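See structure below.
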């Protein structure tokens with residue numbers, strides 16, 4: 372019995388020692404865990420700071436190397452101050468000038484089917500410096516001659532195609548070469564062309580503003596927001612640009628660039644015929660009765676009549692008769708944008724290539740916008756779901772070539788957001 376007590380006492384002592392060590396080790400573990408948590412917190416903060424500094428350094432390196440940075444929406448993201456000084460322009464002057472349009476129209480790659488990095492080949496780009504001649508001085512407008520090249524990359528985070536452009540002033544060597552090749556007539560024509568481009572840009576902006584004014588007058592009746600109309604215009608601009616690249620459009624007796632621009636500008640007029648439809652039908656919640664839908668289906672005819680009235684009014688005036696061709700585009704858009712490729716649309720039941728090109732474009736654009744927009748009578752679809760619908764309806768509701776063109780630029784479309 373004494374031996375058992377002795378062994379029990381020994382075991383109890385060992386247990387108490389083990390328990391003491393366990394408590395001591397547990398305290399050490401808690402202390403280590405606290406230190407680990409602090410170190411982890413410091414590590415995360417250090418990484419965040421380093422990432423931010425690295426991003427800032429990268430951005431600084433980019434802006435130091437690339438004097439001009441643009442995105443595919445024609446937005447100016449960076450321009451070197453020395454370049455602005457040489458051109459005697461402010462940032463706002465350059466961003467709103469026709470030079471940005473010329474860069475995208477004639478020089479920068481417009482294939483958006485591939486998101487891989489794309490080299491922009493070097494090209495010569497002259498900019499005319501404004502010069503106010505003093506009395507008695509010749510009206511001379513000097514040029515700066517730029518050599519531009521770089522790359523285009525796809526920014527996956529912001530879903531943008533970014534153009535990083537290196538700009539080198541090659542004015543001295545270019546002017547020396549021009550000195551031997553040009554004369555006063557060439558310079559005069561250059562000045563006239565520059566003024567013509569500026570005037571054309573002004574006219575284009577006035578055209579957009581006047582069309583927007585017409586749209587604003589019918590917004591209240593149609594309950595169409597300016598944001599919706601802006602999206603229609605941008606979608607049309609992107610799609611017609613891709614059609615131009617793919618050579619899907621060849622207008623008769625019309626400049627190609629002017630043609631696709633005018634389609635974009637007048638796309639917002641596609642539903643002006645709804646102004647002739649009773650407001651209670653336009654604003655009705657829920658499904659329309661068959662006879663009500665028959666009334667709604669007349670809006671393309673009403674819209675075309677409005678535009679035909681303007682065409683006929685100006686056509687009788689010799690001063691305007693030669694300029695009414697522009698109005699044929701919104702006329703075709705209004706009358707035919709609900710026609711279907713398979714011939715089951717309205718109001719005329721046209722099919723295939725018989726449907727004018729502008730109306731086929733708006734048919735695709737309007738359908739995409741209607742599926743994406745938040746409206747009381749439909750369930751909003753995601754960008755991917757809309758693309759699936761367009762694929763399914765290719766060759767039935769829509770021109771297959773235009774659907775493929777739309778799919779080519781879907782990354783540009785996705786960034787518009789809804």
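Numbering (this note's numbering), first residue to last: 372 to 789.
Where a beta carbon is used, it is the ideal one built from N, C-alpha and C, also for glycine.
Because the structure is a prediction, the values reported are computed rather than measured.
Please name the residue in the options whose C-alpha comes closest to that of residue i.
i           : options            : result
residue 765 : 727, 784, 755, 713 : 713
residue 781 : 459, 663, 609      : 609
residue 611 : 763, 463, 732      : 732
residue 674 : 651, 656, 708      : 708
residue 724 : 655, 772, 513, 632 : 772
residue 741 : 664, 642, 520, 572 : 642
residue 683 : 617, 699, 626, 755 : 699
residue 613 : 756, 381, 757, 476 : 476
residue 727 : 745, 656, 770      : 770
residue 521 : 626, 515, 478      : 478
residue 719 : 676, 757, 672, 662 : 672
residue 761 : 604, 784, 735      : 735
residue 652 : 639, 669, 784      : 669
residue 529 : 625, 486, 777, 464 : 486
residue 513 : 467, 543, 449      : 543
residue 743 : 784, 525, 453      : 784
residue 337 : 676, 788, 691, 375 : Outside the shown range of the chain, which is 372 to 789, sits residue 337, and nothing can be said about it.
residue 447 : 465, 600, 658, 660 : 465
residue 659 : 690, 540, 749, 640 : 749
residue 604 : 650, 623, 665, 640 : 640
residue 696 : 711, 540, 451, 679 : 679
residue 763 : 745, 738, 598      : 738
Assuming contact is defined by CB atoms lying nearer than 7 Å, are residue i and residue j in contact in what I supplied?
i           : j           : result
residue 492 : residue 523 : no
residue 565 : residue 499 : yes
residue 701 : residue 634 : no
residue 779 : residue 408 : no
residue 629 : residue 533 : no
residue 445 : residue 471 : yes
residue 439 : residue 538 : yes
residue 519 : residue 536 : yes
residue 631 : residue 615 : yes
residue 348 : residue 776 : What is shown of the chain runs 372 to 789, which leaves residue 348 out entirely.
residue 601 : residue 469 : no
residue 625 : residue 582 : no
residue 458 : residue 515 : yes
Three-state secondary structure (DSSP) at residue i?
i           : result
residue 432 : Summary for residue 432: the model assigns pLDDT 48, below 50, so the residue's position carries little reliability; its value from the coordinates is reported in the next sentence. Helix at residue 432.
residue 659 : coil
residue 707 : helix
residue 526 : strand
residue 542 : helix
residue 511 : With a pLDDT of 49 at residue 511, under the threshold of 50, the predicted position of this residue should be treated as unreliable, and no value is reported.
residue 723 : helix
residue 641 : coil
residue 787 : coil
residue 535 : strand
residue 667 : helix
residue 674 : helix
residue 415 : helix
residue 753 : coil
residue 696 : helix
residue 519 : strand
Between residue i and chain D, is the shortest Cβ-Cβ distance under 7 Å, so that the two count as touching?
i           : result
residue 730 : As a matter of chain content, chain D is missing from the structure shown, which is built from one protein chain.
Task: alpha helix (DSSP H) runs wholly inside the segment 436–500, at least 4 long, in chain order - done: 452–458, 462–466, 469–473
Task: Sequence ranges, alpha helix (DSSP H) only - wholly within the segment 595–632, length at least 4 - done: 597–616
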